[in-house]
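Data block below; observations after.
Residue numbers (the working numbering): 263 to 411.
Here's what the structure looks like:
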């Protein structure tokens with residue numbers, strides 16, 4: 263019996279405990295069709311916002327993935343570091359989370375929205391963004407964002 267109780271106590275203490283996040287609960291419980299539409303952005307719209315200086319692109323891939331290749335004026339905040347790096351996010355802009363497809367970007371966007379940050383996820387992912395920044399589009403885009411700086 264002592265072994266059972268000791269084992270139960272040991273495993274109970276090893277299970278991570280997460281604080282009750284009322285903001286996430288509120289975001290989810292008020293989620294509706296408009297929120298579903300509002301959380302998305304495609305590459306063409308993102309490019310326009312970046313050219314106007316109205317968006318911040320956050321690449322939430324792991325640092326090794328980001329080092330291998332990155333797209334445009336993004337900052338790298340890996341998903342698992344996001345809670346500790348919120349101070350790097352420009353809350354005056356639309357924050358767009360991105361990864362190659364969109365799975366991690368959706369998680370990051372949901373987390374940021376639960377913290378009151380205007381966030382969207384890139385629906386066509388970094389691969390779609392790269393496709394839209396080829397050739398003349400890349401040159402025009404880089405010229406446009408250089409004017410902002």
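Cβ coordinates follow ideal geometry from the N, Cα and C atoms, glycine included.
**Message:** With H, G and I counted as helix, E and B as strand and the rest as coil, what does DSSP make of residue 301?
**Reply:** Here DSSP, grouped into helix, strand and coil, assigns residue 301 to coil.
**Asked** Relative to the alpha-carbon of residue 385, which residue among 398, 345, 376 and 358 has its alpha-carbon at the smallest distance?
**Response** Here the closest residue by C-alpha is 358.
**Helix, strand or coil at residue 286 according to DSSP, with G and I counted as helix** = Of the three classes helix, strand and coil, the one that applies to residue 286 here is helix, per DSSP.
**Request:** Look up residue 321 in the DSSP assignment and say whether it is helix, strand or coil.
**Result:** In this structure, residue 321 counts as strand in the three-state DSSP scheme.
**Of the listed residues 344, 324, 368 and 375, nearest to residue 287 (C-alpha basis)** = Among 344, 324, 368 and 375, the Cα nearest to that of residue 287 belongs to 375.
**Distance, residue 337 Cα to residue 405 Cα** = Going from the Cα of residue 405 to the Cα of residue 337 covers about 19 Å.
**Asked** Rounded C-beta distance between residue 391 and residue 308? I'm assuming under 8 Å.
**Response** Residue 391 to residue 308, Cβ: 7 Å. Contact.
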